[in-house]
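All the letters of the sequence shown, read from the start, carry residue numbers 87 to 478 under the working numbering.
From the three backbone atoms N, C-alpha and C, an ideal C-beta is built for every residue, glycine too.
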Amino acid sequence: MTMQRRYRRGDTGPAVAEIRSKLVLLGLLPAGAATIAGTGDAAGHDGSPDAVFDHSVDLAVRHFQQQRAMTVDGVVGPETYRHLDEARWRLGDRMLSYSIGHPTVGDDVATLQQRLLDMGFDCGRVDGILGPATERALREFQRNYGLGADGTCGPATFRALDRLARTVVGGQPHAMRESELLHRSGPSLAGKTVVLDPGHGGTDRGVVAHGLAESEVVWDLARRLEGRLSALGVQAYLTRGLDVDGIGEEERAAFANATDADLVISLHADRNDSPRAAGVSSYYYGSGTDRYGRRSPTGEHFASLVQRELVARTGMVDGRTHGKAWTLLRRTRMPAVRIELGYLTNAGDAARLATSEFRDHAAESIVVALQRLYLPPDEDVPTGMLRLPVFT
Ligand SMILES: [Zn+2]
Numbered sequence: 087m088t089m090q091r092r093y094r095r096g097d098t099g100p101a102v103a104e105i106r107s108k109l110v111l112l113g114l115l116p117a118g119a120a121t122i123a124g125t126g127d128a129a130g131h132d133g134s135p136d137a138v139f140d141h142s143v144d145l146a147v148r149h150f151q152q153q154r155a156m157t158v159d160g161v162v163g164p165e166t167y168r169h170l171d172e173a174r175w176r177l178g179d180r181m182l183s184y185s186i187g188h189p190t191v192g193d194d195v196a197t198l199q200q201r202l203l204d205m206g207f208d209c210g211r212v213d214g215i216l217g218p219a220t221e222r223a224l225r226e227f228q229r230n231y232g233l234g235a236d237g238t239c240g241p242a243t244f245r246a247l248d249r250l251a252r253t254v255v256g257g258q259p260h261a262m263r264e265s266e267l268l269h270r271s272g273p274s275l276a277g278k279t280v281v282l283d284p285g286h287g288g289t290d291r292g293v294v295a296h297g298l299a300e301s302e303v304v305w306d307l308a309r310r311l312e313g314r315l316s317a318l319g320v321q322a323y324l325t326r327g328l329d330v331d332g333i334g335e336e337e338r339a340a341f342a343n344a345t346d347a348d349l350v351i352s353l354h355a356d357r358n359d360s361p362r363a364a365g366v367s368s369y370y371y372g373s374g375t376d377r378y379g380r381r382s383p384t385g386e387h388f389a390s391l392v393q394r395e396l397v398a399r400t401g402m403v404d405g406r407t408h409g410k411a412w413t414l415l416r417r418t419r420m421p422a423v424r425i426e427l428g429y430l431t432n433a434g435d436a437a438r439l440a441t442s443e444f445r446d447h448a449a450e451s452i453v454v455a456l457q458r459l460y461l462p463p464d465e466d467v468p469t470g471m472l473r474l475p476v477f478t
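This is the structure in structure tokens:
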């Protein structure tokens with residue numbers, strides 16, 4: 087079932103029944119606790135078409151979203167539903183194999199990836215998506231352990247993985263690989279490829295407040311960044327044109343993967359019901375609470391550098407860095423960072439974001455963070471000290 091609309095507290099019907107049963111399966115909701123709207127007795131069960139999205143479901147959904155580093159709003163839309171669906175798979179529940187164009191996605195794939203990494207088979211990062219790198223690592227594992235190297239994870243492979251899991255102590259091979267790649271790539275920015283992703287676009291203007299539209303602000307900032315990066319010898323690609331409409335997060339991620347970029351920088355501005363909410367925040371792929379500890383260490387590092395420079399150079403409120411499993415961050419094969427440059431719903435932030443002076447400072451902060459990312463650790467200099475060539 088694909089979920090088109092969004093379900094929230096107060097909704098009823100078969101889709102809610104399905105959401106309930108998934109939460110029960112995950113142990114987040116007690117079985118048989120559903121109530122029927124209007125009847126007041128406990129005759130309902132979780133398969134009931136009259137199932138209610140009640141307070142307990144709302145809490146369970148929020149709990150789940152928090153676990154998975156998603157936006158915690160208690161609403162089941164397409165993304166939360168997809169995660170609910172992926173979460174039910176345990177390694178061994180189904181055969182796993184790579185299929186081009188339709189990769190298998192689920193927690194069983196994430197477990198497989200974690201086991202392969204623990205044993206030193208490089209499958210990239212743990213993202214729960216069975217792609218070509220995971221298949222290669224799986225075949226390699228099968229060859230090493232005298233199994234048929236067919237790239238399919240079936241009963242014999244499950245048994246071998248299980249046996250070995252008890253003898254291998256998990257490390258962070260992926261984290262080590264990422265930083266090794268980073269250092270091998272050298273301290274110079276020249277020759278690097280960066281994908282700039284101005285959020286929204288076309289009729290989707292994002293947040294519109296105080297006379298500003300998010301899509302236009304981030305487009306302008308992306309162009310300023312593009313100019314500075316080109317001057318430093320960085321190949322910069324934009325995920326969209328000025329007025330291009332309807333490009334989803336999946337497509338943006340696919341574009342970045344196709345360019346084989348070193349890094350993705352996604353630009354957004356935030357909104358909040360409270361006009362007092364203000365400040366910049368940076369997001370990377372990851373979550374501290376997830377049981378597999380999925381994260382991109384380079385993304386996390388870059389997010390902290392960007393955040394530090396932005397706060398120091400613009401004086402904006404520090405909204406800190408956060409790990410998130412948002413589609414663009416997760417589906418990109420390279421480190422990706424999403425920057426929320428301030429709240430357009432806040433009068434002070436909006437006034438700053440409206441000026442080209444602020445946008446220049448923001449662009450400069452991001453470029454300096456990028457230089458720091460590729461700087462060897464012993465050559466790091468205090469925040470605010472790096473100087474860029476002057477642009478006119
Ligand atoms: Zn946005």
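query, result
"Mind checking whether the beta-carbon of residue 486 lies closer than 6 Å to any heavy atom of ligand 1?", "There is no way to answer for residue 486, as the model of the chain reaches only from 87 to 478."
"Determine the direct distance from the alpha carbon of residue 162 to that of residue 94, and round the result to whole angstroms.", "6 Å"
"Which whole-angstrom value is the C-beta distance of residue 296 and residue 448, which I expect to be below 8 Å?", "Actually they do not touch by this definition, with Cβ atoms about 17 Å apart."
"Residue 354: beta carbon under 6 Å from a heavy atom of ligand 1?", "yes"
"Measuring from the CB of residue 285, is there a heavy atom of ligand 1 at a distance below 6 Å?", "yes"
"Between the region 319–331 and the region 354–362, do three or more beta carbon pairs fall short of 8 Å?", "no"
"For ligand 1, any of its heavy atoms closer than 6 Å to the Cβ of residue 165?", "no"
"Report the partner residues of residue 183 according to the DSSP bridge assignment.", "238"
"If we ignore side chains and look at the alpha-carbon of each, how far apart do residue 280 and residue 116 end up?", "47 Å"
"Can you pull the DSSP bridge partners for residue 282?", "324, 351"
"When you compare the region 152–166 with the region 199–211, are there three or more beta-carbon pairs, one atom per stretch, that lie closer than 8 Å?", "no"
"If you measure between the beta carbons of residue 421 and residue 372, is that distance less than 7 Å?", "no"
"Only counting the same chain, and skipping five residues up and downstream in sequence, which positions put a Cβ closer than 7 Å to that of residue 126?", "Unreliable placement is indicated for residue 126, whose pLDDT of 40 sits below 50; no coordinate value is reported for it."
"According to DSSP, is residue 369 helix, strand or coil?", "strand"
"Quick check: does the Cβ of residue 221 come within less than 6 Å of any heavy atom belonging to ligand 3?", "This structure simply doesn't include ligand 3; it includes ligand 1 instead."
"For residue 167, which three-state DSSP category applies?", "helix"
"Distance check for residue 440 and residue 328, CA to CA, integer angstroms please.", "18 Å"
"If the criterion is Cβ atoms closer than 7 Å, does the pair residue 414 and residue 309 meet it?", "no"
"Does the region 236–250 touch the region 275–289, meaning 3 or more C-beta pairs lie closer than 8 Å?", "no"
"Which of the three DSSP states, helix, strand or coil, is assigned to residue 97?", "coil"
"Using only the alpha-carbon positions, how far apart do residue 348 and residue 380 sit?", "19 Å"
"In terms of residue numbering, what span does the beta strand (DSSP E) encompassing residue 407 cover?", "404–410"
"Rounded to the nearest angstrom, what separates residue 427 and residue 445 at their Cα positions?", "10 Å"
"Checking the sheet assignment: what are the DSSP bridge partners for residue 429?", "356"
"Give me the Cα-Cα distance between residue 346 and residue 155, rounded to the nearest whole angstrom.", "26 Å"
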